[in-house]
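Engineer: Residue numbers for the sequence shown follow the working numbering, so the first one is 1 and each next one is one higher. Cβ atoms here follow ideal geometry from the backbone N, Cα and C, with glycine treated the same way.
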Amino acid sequence: METTRGAERQRTAAERRRRELLEAADRVVLRDGPQASMNAIAAEAGITKPILYRHFGDKGGLYRALAKRHTDALLSALRAALDAPSERRERVEATLDTYLAAIEARPQVYRFLMHPSEDAAPSSEQGFDVGRHSAPLLRRLGEELGKVIAERVDLGPDSELTARIWGHGIVGMMHAAGDWWLGDRPCSRERLVRSLADLLWGRLAEAGDLPGGQGF
1 METTRGAERQ RTAAERRRRE LLEAADRVVL RDGPQASMNA IAAEAGITKP
51 ILYRHFGDKG GLYRALAKRH TDALLSALRA ALDAPSERRE RVEATLDTYL
101 AAIEARPQVY RFLMHPSEDA APSSEQGFDV GRHSAPLLRR LGEELGKVIA
151 ERVDLGPDSE LTARIWGHGI VGMMHAAGDW WLGDRPCSRE RLVRSLADLL
201 WGRLAEAGDL PGGQGF
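1. What residues in its chain sit with their C-beta under 7 Å from that of P122, if we drop five residues either side in the sequence?
2. Is there contact here, the segment 89-109 with the segment 22-33, by at least three beta-carbon pairs under 8 Å?
3. Would you mind working out which of E8, R189, D158, L66 sits nearest G33, comparing C-alpha positions?
4. Out of S134, A36, S37, I47, which has the shortest C-alpha to C-alpha gap to R18?
5. Give me the Cα-Cα distance between K59 and W166, rounded to the nearest whole angstrom.
6. Of the choices L75, L182, G57, whose alpha-carbon is the least far from that of R139?
7. Out of curiosity, what's the CA-to-CA distance linking E20 and G202?
8. Give me the residue from R194, A25, E206 with the minimum Cα distance to E93.
9. Got a sec, what are the start and stop residues for the alpha helix (DSSP H) H55 sits in?
10. Which residue comes first and which comes last in the alpha helix (DSSP H) that contains Q108?
11. Closest to L137 by C-alpha separation, out of R5, R64, G57, A7, would be which residue?
This is the structure we're talking about:
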């Protein structure tokens with residue numbers, strides 16, 4: 001029994017330490033964006049880089065942990081928007097706005113997750129392939145949104161497949177439009193939300209809710 005309690009304490013301490021290191025990494029990413037380095041993160045956490053490697057393996061491991069942290073938070077916010085007691089069009093606009101508001105509020109985090117550093121000094125970290133890591137993040141968002149659509153919208157024959165197509169298509173649209181908008185700022189966020197909702201609205205307006213579901 002004592003051995004079990006000791007192992008549990010060790011796991012709890014390791015999880016707490018990992019959370020502290022991710023919070024330190026977040027602070028560096030907020031400051032440095034895509035240029036955030038393992039050296040800077042280790043310094044922020046008050047440890048040496050080998051200790052940071054011990055927890056995450058390499059920058060790819062740290063990236064995946066940060067991506068999961070931020071994707072979990074984003075998915076929670078998106079589900080809250082989809083669950084709001086309002087008309088479907090309002091929920092669609094709220095969901096789009098939630099995504100855009102998230103990348104607008106923390107653009108350095110977004111750029112770290114989605115864009116490679118173009119001007120970082122040569123180092124052992126050079127060659128970090130952001131695309132290889134960001135693609136699973138977008139796929140996860142697409143799959144999760146597809147599940148929500150499948151649970152709530154009556155799309156007729158092959159409903160589940162259609163819902164997955166819609167989920168990935170909507171995420172792809174949000175990502176591409178949001179990336180362009182965040183860089184160029186050609187219009188207000190409200191204008192972008194309305195325009196994207198207009199693009200989506202035709203088929204969404206026609207589809208019925210599944211009986212007994214929460215509605216979409």
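Structural biologist: The structure says:
1. Since pLDDT at P122 reaches only 43, below the 50 mark, its modelled position is unreliable, and the value read off the structure follows with that caveat. Correct list: empty, nothing qualifies.
2. yes
3. L66
4. I47
5. 33 Å
6. L75
7. 46 Å
8. R194
9. 49-56
10. 107-114
11. R64
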